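Numbering (the working numbering), first residue to last: 10 to 610. Cβ coordinates follow ideal geometry from the N, Cα and C atoms, glycine included. None of these values were measured; they are calculated from a predicted model.
Shown next, in the form of structure tokens:
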């Protein structure tokens, strides 16, 4: 049976006030200590941390005197980490002994309960070599007072992460190693790096790769959580190794693994990492002849690969660096994307020959890079020198600057074309509308009359005035686009008005006929009559014939819907339609004697 713990009682206001007062006083003391220490020894200090109380074993604690127990109760533990620097071995011990004495003096002058422990960074590292991790644990629970290079923060995040990993996967974790700059003390890197070796020698339910991937994914997610908990801003990276792969890398004399063994510091180890580290220091782990040959071969392969990469940069990258902007320029001009070969031709014909806004030498640069790329693809070119790379870089750089200028030229011309087309279309639309209404006051005055008569909104007059004045203003891209949207609404209104007016006129020029169960239509457009045999038929049969002076219909010829629409758009609709008797006789001949005729006025 489990007994539930009673809930922790909150502090009463008096206790809370006393606690705040105690913490504020402690902060003042620690700030004084830090200032005194840094004023004298700032260049030597790697970090200062307030540590949690040291937990003595019960068997040791019971033998302390009452005075010693009271001193332990009020003791404030501090850690002062010192840079190792480049001091000679004979000067290291005297230096830190003197520095520790000075630091203790600073602490005692502020509060006799302040008890600083002074250690070189290398001494903290040696504790880890001896599997003494208690100080690291206390640092992780402590509070950094001074940590300019995040040395203490790095220890904190790794300890939090290590604890999380071991709690979940201790069975599989062989070693948890700090690598990189963490224990250098200077921490020049912006990253914190650790390596975790996973023991896969006793795994039965999954293969080694699956184990590495599954555990690796969870361990990395724990790394993110540890970063959040610690508040350390540096990037935290984890490298996951499988024990059997790690051993293979040692046998193959991988330089990465040798560096890892030489410089790594174990924060947790089941004895595997330190054993290999000591064997390396003793010279018992040596590269085999096969490993030496392999690394020599790697050198040859890498230089060949370097040549290949250089060719790739000069070939592929330079190819696209010139081709893509060229195609973009053609698309900006209004031409569809083309093949590389066609791009060269279009660039010359469009911008050099037709528009005369680009010098021919830039098309030659494009042609040269495309040819070079093809030569590399076909194996004609196999090596390239640094001098050739520099020359091509310089040439392509000049090319790109010129193409950028070409974009501006195309944009300027496109803007002018857009403005001209918008202006012409608007003026034609208004003139067409005035013609329909038979207004002969000129474009501007005529449109003002239509607005004042209430046929159009005043906002259309504002748009019309903007279109009129747009040529005199240096409008930017956004202003032109805004005006284009306004003009689009304006043109729709003009077109609808003209279509309605012409539709009414068209009705007056149309004769409807009914013969049997079919319906036909006859359009009298000026001197020509267009006849639709059956308006309900999907494929309409349309004919046309000249209108004779006596009003009758002349010789009939085949026509089309397109021809009829062109005649209507061309404005061949008469204002007044006069129908003579002869046309009815001809319609009877065309549609039959029982034809019925309806005329619209």
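The C-beta separation of residue 86 from residue 124 comes to about 6 Å, placing the pair in contact by the 8 Å criterion. Relative to the Cα of residue 119, the nearest Cα in the group 467, 494 and 43 belongs to 43. For residue 469, the enclosing alpha helix (DSSP H) starts and ends at 467 to 478. Three or more Cβ pairs drawn from the segment 394 to 414 and the segment 374 to 383 lie within less than 8 Å of each other, which places the two stretches in contact. According to DSSP, residue pairing for residue 250 in a beta bridge involves 206. Boundaries of the alpha helix (DSSP H) harbouring residue 399: 395 to 445, taken from the DSSP string.
The Cβ neighbour count for residue 61, taken over all protein chains shown within 10 Å, is under 16; the residue is labelled exposed. Residue 275: member of the beta strand (DSSP E) spanning 274 to 278, first to last residue. When C-alpha distances from residue 203 are compared across 146, 246, 217 and 46, the shortest belongs to 246. With a cutoff of 8 Å on beta-carbon distance, residue 187 and residue 167 are scored as near each other. For residue 235, the secondary structure class from DSSP, reduced to helix, strand or coil, is helix. Contact between the segment 541 to 551 and the segment 496 to 506 is absent, with fewer than three C-beta pairs closer than 8 Å. For residue 86, the enclosing beta strand (DSSP E) stretches over residues 85 to 91. In this structure, the beta-carbon distance from residue 356 to residue 428 does not fall below 8 Å.
With fewer than three CB-CB distances shorter than 8 Å, the segment 125 to 140 does not count as touching the segment 150 to 158. For residue 455, the enclosing alpha helix (DSSP H) covers residues 452 to 461. In this structure, DSSP gives residue 127 an extended state, which the three-state scheme calls strand. For residue 291, there is no enclosing alpha helix (DSSP H), as DSSP marks it with neither H nor E. Residue pairing from DSSP places residue 540 in a beta bridge opposite 531 and 552. By the neighbour-count criterion, in which 16 or more other beta carbons inside 10 Å mark a residue as buried, residue 208 falls on the buried side.
Here DSSP, grouped into helix, strand and coil, assigns residue 511 to helix. For residue 288, the CB contacts under 7 Å within the same chain, skipping 5 residues up- and downstream, are 294 in chain order.
Note: residue 182 is bridge-paired with 207 in the DSSP secondary-structure output.
Secondary structure at residue 187: strand, using DSSP grouped into helix, strand and coil.
By the Cβ-count criterion, residue 184 is buried, with 16 or more other Cβ atoms from all chains shown falling within 10 Å of its own Cβ. In the structure shown, residue 345 adopts coil according to DSSP, grouped into three states. Contact between residue 353 and residue 415 does not hold, since the beta-carbon distance rounds to 15 Å and is not under 8 Å.
Around the C-beta of residue 58, 16 or more other C-beta atoms lie within 10 Å, and the residue is accordingly described as buried. Boundaries of the alpha helix (DSSP H) harbouring residue 32: 22 to 50, taken from the DSSP string. Ranked by Cα distance from residue 330, the first of 410, 363 and 391 is 410.
In this structure, DSSP gives residue 546 a state outside helix and strand, which the three-state scheme calls coil.
Put simply, the backbone Cα of residue 604 is about 23 Å away from that of residue 536. The criterion of a C-beta distance shorter than 8 Å is not satisfied by residue 45 and residue 129. Selection 358, 162 and 388 evaluated against residue 241 yields 162 as nearest (Cα-Cα). In the three-state scheme derived from DSSP, where H, G and I count as helix and E and B as strand, residue 230 is classed as helix. Here residue 170 is buried, its C-beta having at least 16 other C-beta atoms within 10 Å.
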